[in-house]
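Enquirer: Questions regarding the structure given below will be posed in turn.
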Amino acid sequence: MSASALFSLGSKAMAASYAALSTTGHNISNANVKGYSRQQAELATAAGQYGGAGYIGKGVDVATVSRAHDAYLTREAASARSLSAMDESRLQLMQKLESVFPTGERGVGHATGEFLNAMVDLSARPADSATRQVVLARAGELAARFSEGGAAFDTLQLEVHEQMKAGVSEANRLMRTIADLNQRIAAVQGLGQPPNDLLDLRDQALSDLSQQLQISSVAADDGSVTVMAAGGQALVLGSQVKPLMVIADNSDSTRAALAVVDKGGMIGLRSNELGGGALAGLLRFQNDDLVDARSQLGRLAAVVSGTMNAQQALGLDMSDPPGAGAALFATGPARVMPAASNAVDGTGQYTGQVSLAITDVTQLQASEYELRADPLGAPGVWQLTRLQDGLVRSIASGDEVDGLRIDIGPTLPSAGDRYLLQPVTRAANGMERVLDDIKGLAAASPLSASAAAANTGSGSVAGLRVVSPTANAQLNASVSFTNASGAYAWELRDRTTNALVSSGTGTWSAGTPIALNGFELSLNGAPRAGDVFSVVKTQFPASNNGNALAFTELRDAALVGRIGSTGGETLTNAYAAAMADIGVRVQAAGSTSAISTAVAAQAEAARAAKSGVNLDEEAARLIQYQQAYQAAAKILQVAQTLFQALLDGAG
Numbered sequence: 000m001s002a003s004a005l006f007s008l009g010s011k012a013m014a015a016s017y018a019a020l021s022t023t024g025h026n027i028s029n030a031n032v033k034g035y036s037r038q039q040a041e042l043a044t045a046a047g048q049y050g051g052a053g054y055i056g057k058g059v060d061v062a063t064v065s066r067a068h069d070a071y072l073t074r075e076a077a078s079a080r081s082l083s084a085m086d087e088s089r090l091q092l093m094q095k096l097e098s099v100f101p102t103g104e105r106g107v108g109h110a111t112g113e114f115l116n117a118m119v120d121l122s123a124r125p126a127d128s129a130t131r132q133v134v135l136a137r138a139g140e141l142a143a144r145f146s147e148g149g150a151a152f153d154t155l156q157l158e159v160h161e162q163m164k165a166g167v168s169e170a171n172r173l174m175r176t177i178a179d180l181n182q183r184i185a186a187v188q189g190l191g192q193p194p195n196d197l198l199d200l201r202d203q204a205l206s207d208l209s210q211q212l213q214i215s216s217v218a219a220d221d222g223s224v225t226v227m228a229a230g231g232q233a234l235v236l237g238s239q240v241k242p243l244m245v246i247a248d249n250s251d252s253t254r255a256a257l258a259v260v261d262k263g264g265m266i267g268l269r270s271n272e273l274g275g276g277a278l279a280g281l282l283r284f285q286n287d288d289l290v291d292a293r294s295q296l297g298r299l300a301a302v303v304s305g306t307m308n309a310q311q312a313l314g315l316d317m318s319d320p321p322g323a324g325a326a327l328f329a330t331g332p333a334r335v336m337p338a339a340s341n342a343v344d345g346t347g348q349y350t351g352q353v354s355l356a357i358t359d360v361t362q363l364q365a366s367e368y369e370l371r372a373d374p375l376g377a378p379g380v381w382q383l384t385r386l387q388d389g390l391v392r393s394i395a396s397g398d399e400v401d402g403l404r405i406d407i408g409p410t411l412p413s414a415g416d417r418y419l420l421q422p423v424t425r426a427a428n429g430m431e432r433v434l435d436d437i438k439g440l441a442a443a444s445p446l447s448a449s450a451a452a453a454n455t456g457s458g459s460v461a462g463l464r465v466v467s468p469t470a471n472a473q474l475n476a477s478v479s480f481t482n483a484s485g486a487y488a489w490e491l492r493d494r495t496t497n498a499l500v501s502s503g504t505g506t507w508s509a510g511t512p513i514a515l516n517g518f519e520l521s522l523n524g525a526p527r528a529g530d531v532f533s534v535v536k537t538q539f540p541a542s543n544n545g546n547a548l549a550f551t552e553l554r555d556a557a558l559v560g561r562i563g564s565t566g567g568e569t570l571t572n573a574y575a576a577a578m579a580d581i582g583v584r585v586q587a588a589g590s591t592s593a594i595s596t597a598v599a600a601q602a603e604a605a606r607a608a609k610s611g612v613n614l615d616e617e618a619a620r621l622i623q624y625q626q627a628y629q630a631a632a633k634i635l636q637v638a639q640t641l642f643q644a645l646l647d648g649a650g
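Per numbering that gives the first Met the number 0, numbering through the sequence shown is continuous, rising by one, with the last residue being 650.
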């Protein structure tokens, strides 16, 4: 071998060792850089030169610099981070939602109890001004608790909007970064060597993007990747970006939705197809948890307002002359929300007309509804879906469902029109006390009952309850028992003329009230034949407490969520059930978030074990390549000595 060949061999050895040293130093420098993959100089034996004595080696070449990368582990780590980000974003908002349903004295249940307790005091002192003032104060506090809850829901909705805007802004920035890296990687792809640092940067950008929404990527021949949302919508095509945008929800403009901006317009992304990511968690909270919480508190507000106002209307106030009690509370209205895609006329107004009215607050369900033309029904048949549980029913205009009357027309919606019905969603927001005059409290009953002094049985008046606003105080009612087994005859006579209006017979049994003229008369004991009970107009409303007593009975009445004439819960129990539901959701969200966080950490650890930098290993390699470099330098030193000897001999 000539001295020049030895020089070449030593030079290649030094170059290879230098490349290995540089790569090791690069690893050490980037050991703490997020997303960096360990690199390694790949060496290859140079082709030998044939001589008479065989092939003589020509040293080593640097083939490439590879990176320790596993596409599967990287993809799994990004997917796990996406699910973890979704669960974490939802959990944070769920914990704030839980504070809208406080326990103890700050809760709606306690405020409801305090109001009805004040009614107990009013029943004891129906004409006392101070007691009446306390009742109005408790009513105001109760309304304020509901309206504060509604305002808290609005604040959470606004927070969802703001977080979605921030998340979309970050996602668009990352997509632009990926598109730029695609372009740079494609530009150097023809050089034949992988741009490791650029590939790491792109993998990290993809991982960060997956925290906002779940994505999938497909590699192209030029080294670029196509990025798609979980539903299949393309987001990045080579160097082109289709940005995301926060838009108003198609069904309810107060809610946020996600869309992709394309050349042809905007393409909405369905929340149930997003898979994972913080944006999916925000939409899941908004569309499921927040809607359900609004509906539960709104139903309570509607029931409290409706039942209290109805009871007010059955009593007499202290005005001069006394009149039926005016409304005590007001709530937010039941709403019909046309979908943004519904047909419109030339002025931009929706052509179809749908109206919603609450007919029985005790039948209300804590749900929203979707109304559309029944695809399988005849003309005039509509499909109503209760979104809480997915129950689907076919209805016609004017039908009553779950305490609601739904009227469709007179201008009928088009075949593809959809409507979101919100009977109680905004009820809590508009809750307020509308009665300010203490004389307006209807503590008195318009009717009074008494037993005739000549009665011989043990029967006595246990209570008189006015159950209908149609009760006519201008009619006197009398019930005359015809035997000791409960048979009776009744009469209704005009209070002024004593003319007979109507009459009939019936049979009384213990525990069953006698229902006439919009009232229910309950008796104790056992009446005998000839016993008479009278129901007449209340002569002195200021001292009567009949309607105040009826208010107190509402505390233990099953008023919430009745089905037909059965079931239902009391007001305080319904609030406790709402608190329990939210508490269970928070607990489940916490458990889910803890599990997904642990899975994400495990997946990242597996990826790091493959791609991460171990400083101990790099330090050992540093010594190894340093010694190799020194040995290569020794080869050059020997070659130089031999070459110098040749020169001296030739000279």
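We put the CB at the ideal spot given by N, CA and C, even for glycine.
Here the structure is a predicted model, which means the values were calculated and not measured.
#1: Closer than 7 Å: is that where the CB of tyrosine 349 sits relative to any heavy atom of the ligand SAH?
#2: By DSSP's criteria, asparagine 475 is part of a beta bridge. Which residues make up the other side?
#3: Whose CA, out of Pro194, Leu243 and Gln211, lies closest to the CA of glycine 222?
#4: Does the separation of the CB atoms of alanine 338 and aspartate 416 fall below 8 Å?
#5: In this structure, what does DSSP give as the bridge partners for glutamine 39?
#6: How many Å lie between glutamine 538 and alanine 126 at the Cα?
#7: Short of 8 Å in beta carbon distance, which residues of its chain neighbour aspartate 530, apart from the five on each side in sequence? Order them along the chain.
#8: Quick check: the Cα distance between tyrosine 71 and glycine 276, rounded to an integer number of angstroms?
#9: Classify leucine 96 as helix, strand or coil using the three-state DSSP reduction.
#10: Any idea if alanine 177 is buried or exposed, counting beta-carbon neighbours within 10 angstroms, 16 or more meaning buried?
#11: Which same chain residues end up closer than 6 Å to glutamine 421 when comparing Cβ atoms and leaving out the 5 residues on each side of it in sequence?
#12: Measure the Cβ-Cβ separation of leucine 96 and leucine 289 and say whether it is below 8 Å.
#13: Between valine 159 and leucine 282, what straight-line distance do the alpha-carbon atoms span, to the nearest angstrom?
#14: Taking lysine 536 as part of the beta strand (DSSP E), name the residues at either end of that continuous run.
#15: Between alanine 441 and glutamine 311, how many whole angstroms is the CB-CB distance? I'm expecting something under 8 Å.
#16: Looking only at its chain, what residues have a beta carbon closer than 7 Å to the beta carbon of glycine 563, apart from the 5 residues adjacent to it on each side?
#17: Given valine 500, which residues of its chain have a CB within under 7 Å of its CB, disregarding the five upstream and five downstream residues?
#18: Residues in its own chain within less than 8 Å of alanine 525 by CB, not counting five upstream and five downstream?
#19: Of the residues Thr496, Gly485, Ser447 and Ala461, which one's Cα is nearest the Cα of alanine 472?
#20: Which residues in the same chain have their Cβ closer than 6 Å to the Cβ of valine 224, if we skip the five residues on either side of it in sequence?
#21: With valine 260 as the anchor, note down where its beta strand (DSSP E) starts and where it stops.
#22: Buried or exposed, going by whether 16 or more other CB atoms sit within 10 Å of the CB of serine 209?
#23: Looking only at its chain, what residues have a beta carbon closer than 6 Å to the beta carbon of glycine 237, apart from the 5 residues adjacent to it on each side?
#24: Just to confirm my understanding: we take proline 242, look at its own chain, exclude 5 residues before and 5 after, and list those with CB closer than 6 Å. What are they?
#25: So the candidates are Leu646, Lys633, Gly189 and Lys609; which of them puts its Cα closest to the Cα of alanine 67?
#26: Please report the distance separating the alpha-carbon of asparagine 31 from that of leucine 257.
#27: Taking Cβ positions, are threonine 410 and threonine 350 nearer each other than 8 Å?
#28: I'd like to know whether the C-beta atoms of leucine 299 and valine 559 end up nearer to each other than 8 Å.
#29: Nearest-angstrom Cα distance between serine 656 and arginine 620?
#30: With a 10 Å radius around its C-beta and 16 neighbouring C-beta atoms as the bar for buried, classify serine 128 as buried or exposed.
#31: Run the CB neighbour count on asparagine 497, radius 10 Å, all protein chains shown included, and call it buried at 16 or more, exposed below.
#32: Between glutamate 140 and alanine 110, how many whole angstroms is the CB-CB distance? I'm expecting something under 8 Å.
#33: Just list the residues that DSSP pairs valine 240 with in beta bridges.
#34: Going residue by residue through the region 277 to 353, where are the continuous beta strand (DSSP E) segments of at least 3 residues, counting only ones entirely within it?
#35: In whole angstroms, give me the CA-to-CA distance for threonine 358 and serine 122.
#36: Can the beta-carbon of threonine 361 be found less than 8 Å from the beta-carbon of valine 303?
Expert: The short version:
#1: As for the ligand SAH, it is missing from this structure, which has no ligand bound.
#2: According to DSSP, asparagine 475 bridges with Arg492.
#3: Checked all of Pro194, Leu243 and Gln211; the closest Cα to glycine 222 is Pro194.
#4: Annotated as proximal: alanine 338 and aspartate 416, with beta-carbon spacing under 8 Å.
#5: Glutamine 39 pairs with Ser65.
#6: Their Cα atoms are separated by approximately 15 Å.
#7: Excluding residues within five positions, the ones whose Cβ falls inside 8 Å are Ala450, Ala451, Asn454, Thr455, Gly456, Gly458, Ser479 and Phe480.
#8: So the two alpha carbons sit approximately 19 Å from each other.
#9: In the displayed model, leucine 96 falls within a helix according to three-state DSSP.
#10: Per the sequence shown, residue 177 should be read as isoleucine rather than alanine. Buried: at least 16 other Cβ atoms inside 10 Å.
#11: Taken in chain order, the residues that qualify are Arg334 and Glu367.
#12: Note that the C-beta distance between leucine 96 and leucine 289 is below 8 Å.
#13: Between the alpha carbons of valine 159 and leucine 282 lies a gap of roughly 8 Å.
#14: Start and end: 531 to 536.
#15: That pair is a contact at about 5 Å.
#16: Nothing meets the Cβ criterion.
#17: Cβ contact annotation for valine 500 (same chain, cutoff 7 Å, sequence separation greater than five): Leu474, Leu491, Arg492 and Asp493, in chain order.
#18: Excluding positions up to five away in sequence, the list reads Gly456, Ser457, Gly458, Ala483 and Ala509.
#19: When only C-alpha atoms are compared, the closest one is Ser447.
#20: Correct list, in chain order: Ser216 and Ala218.
#21: First-last of the beta strand (DSSP E) with valine 260: 255 to 261.
#22: Around the beta carbon of serine 209, 16 or more other beta carbons sit within 10 angstroms, so the residue counts as buried.
#23: By the criterion of a C-beta distance shorter than 6 Å, glycine 237 is surrounded in its chain by Asn181 and Ser223, once the five residues flanking it on both sides are discounted.
#24: When the five nearest sequence neighbours on each side are left out, the beta carbons in the same chain lying within less than 6 Å of the beta carbon of proline 242 are those of Asn171 and Val260, in order along the chain.
#25: When C-alpha distances from alanine 67 are compared across Leu646, Lys633, Gly189 and Lys609, the shortest belongs to Lys609.
#26: Their Cα atoms are separated by approximately 35 Å.
#27: In contact: threonine 410 and threonine 350 (Cβ atoms closer than 8 Å).
#28: Contact: yes.
#29: Nothing can be reported for residue 656: it is not among the residues displayed for the chain, which extend from 0 to 650.
#30: Answer is exposed; the Cβ neighbour count stays below 16.
#31: Exposed.
#32: Glutamate 140 to alanine 110, Cβ: 5 Å. Contact.
#33: DSSP lists Val235 as partners of valine 240.
#34: List check, beta strand (DSSP E) in window: 334 to 337.
#35: Between the alpha carbons of threonine 358 and serine 122 lies a distance of about 29 Å.
#36: With respect to the 8 Å criterion, threonine 361 and valine 303 are not classified as neighbours on the basis of their beta carbons.
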